[in-house]
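In what follows, a single structure is set out as structure tokens and then discussed.
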Amino acid sequence: MVALLLGAVLLAAQLQLVPTRPTAPRAEPAQPAPLRDELREGAAANGSAQQLPQTIIIGVRKGGTRALLEMLSLHPDVAAAENEVHFFDWEEHYSQGLGWYLRQMPFSSPHQLTVEKTPAYFTSPKVPERVHRLNPAIRLLLILRDPSERVLSDYTQVFYNHLQKHKPYPSIEEFLVRDGRLNVDYKALNRSLYHVHLQNWLRFFPLCHIHIVDGDRLIRDPFPEIQKVERFLKLAPQINASNFYFNKTKGFYCLRDGGRDRCLHESKGRAHPQVDPKLLHKLHEYFHEPNKKFFELVGRTFDWH
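Taken in order, the sequence shown gives residues -20 to -1, 1 to 285; the numbers are from mature numbering (1 follows the signal peptide of the UniProt record, and there is no 0).
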């Protein structure tokens, strides 16, 4: 009996010494990609969150982008980024990735449309492809003015920026004229060649994804233009004619929102410099053919010189 018990103990000891079959290393739990981590940031307890924009106002500089954004912000289903983001056109921003871009967006509810505006996007050659890579179905807003007027507004903005810093700045004639001819190398002229820049966007987006707002009409009578934007963005009509009133002191329309009146910054609507009529005529002549090409490209005309 003792012998049997001793044998059982020895057998059990041998079984414990037999190496067990090695098991596969335990898989580590999958870690979310860094980008996914970043895109999950920005949620709030009330259910609102920062969302990538479903709509971008891509331009044009001095075309009325700020006015358009402020007017669109009257809609309760729109959440607008306060500042120009410059994500797609500035390398120092673009290199920081979508997480950085997301953090520039406002908090919004799931039913709201997030909008950002950066007018420099329209004339930057690399931006259309980058925006398309983000979202091929994104809806784009482009607001344009008479190209000659846009050139004068462009100059006026830079002139006042220098004036505020007590820095001298040449007259507009010094930019527009070189050796007795129109200076076609002046950057402000290039920004007004709308057909050139739009062709770059149409390489990546169909025209039906781009709504062109008439900036001159928006200044004169904003409500009909905003109605068109609402329809393009598939927003329920919420903005009314009563949201706009003409401010005689400022000389342009201001906004009325929930009983609160607000106007654009004093930097908007500044008087343009006086330009010699002959030079202005040269400017109009210069844009005649480019404007025709643009009208053919978009299938509509505008009341430009």
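Note that CB positions come from ideal geometry on N, CA and C, so glycine has one too.
What is the DSSP secondary structure of residue i, reduced to helix, strand or coil?
i: Q11; result: Note that Q11 has pLDDT 31, beneath the 50 cutoff, so the model's placement of it is unreliable and the number below is only indicative. Of the three classes helix, strand and coil, the one that applies to Q11 here is coil, per DSSP.
i: D194; result: strand
i: R20; result: With a pLDDT of 48 at R20, under the threshold of 50, the modelled position of that residue is not reliable, and no figure is offered here.
i: C188; result: helix
i: L93; result: strand
i: P5; result: With a pLDDT of only 37 at P5, under 50, the local geometry of the prediction cannot be trusted, and the value read off the model is given with reservation. If DSSP states are grouped into helix, strand and coil, P5 belongs with coil.
i: R242; result: strand
i: T35; result: strand
i: A47; result: helix
i: V58; result: strand
i: A251; result: coil
i: F102; result: coil
i: F87; result: strand
Is it true that the CB of residue j sits closer than 8 Å to the CB of residue i?
i: L132; j: V278; result: no
i: I36; j: Y81; result: no
i: K273; j: H175; result: yes
i: Q137; j: K230; result: no
i: L156; j: N163; result: yes
i: S128; j: L263; result: yes
i: A59; j: Q92; result: yes
i: E50; j: L235; result: yes
i: D57; j: L215; result: yes
i: R211; j: E205; result: no
i: E64; j: K97; result: yes
i: R119; j: H66; result: no
For residue i, which of the options has the nearest alpha-carbon?
i: D201; options: F267, L48, K145; result: L48
i: S88; options: V138, L78, H55, N227; result: H55
i: D283; options: L124, K97, L215; result: L124
i: L114; options: E72, F185, A60, R242; result: F185
i: F224; options: D194, R242, P257, P86; result: R242
i: N26; options: E50, R83, P90; result: P90
i: R240; options: A251, S222, H66; result: S222
i: I152; options: Q144, D159, F139; result: F139
i: I219; options: N227, G238, F226; result: G238
i: T103; options: P253, D126, F275, I38; result: I38
i: S53; options: H146, V209, A29; result: V209
i: P86; options: R119, Q34, V111, N180; result: Q34
i: H112; options: G195, R183, L244, L122; result: R183
Use the C-beta contact count for residue i: other C-beta atoms within 10 angstroms, 16 or more gives buried, fewer gives exposed.
i: R161; result: exposed
i: E62; result: exposed
i: Y135; result: buried
i: Y233; result: buried
i: A168; result: buried
i: N271; result: buried
i: H177; result: buried
i: T45; result: buried
i: F267; result: buried
i: E269; result: exposed
i: F226; result: exposed
i: P99; result: buried
i: L122; result: buried
List, from N- to C-terminal side, the alpha helix (DSSP H) runs of 4 residues or more that fit wholly inside the segment 105 to 184. 107 to 114, 127 to 144, 152 to 156, 167 to 171, 174 to 182
Report the start-end ranges of each beta strand (DSSP E) in the segment 196 to 239 that is 3 residues or longer and not cut off at the edges. 224 to 227, 232 to 237
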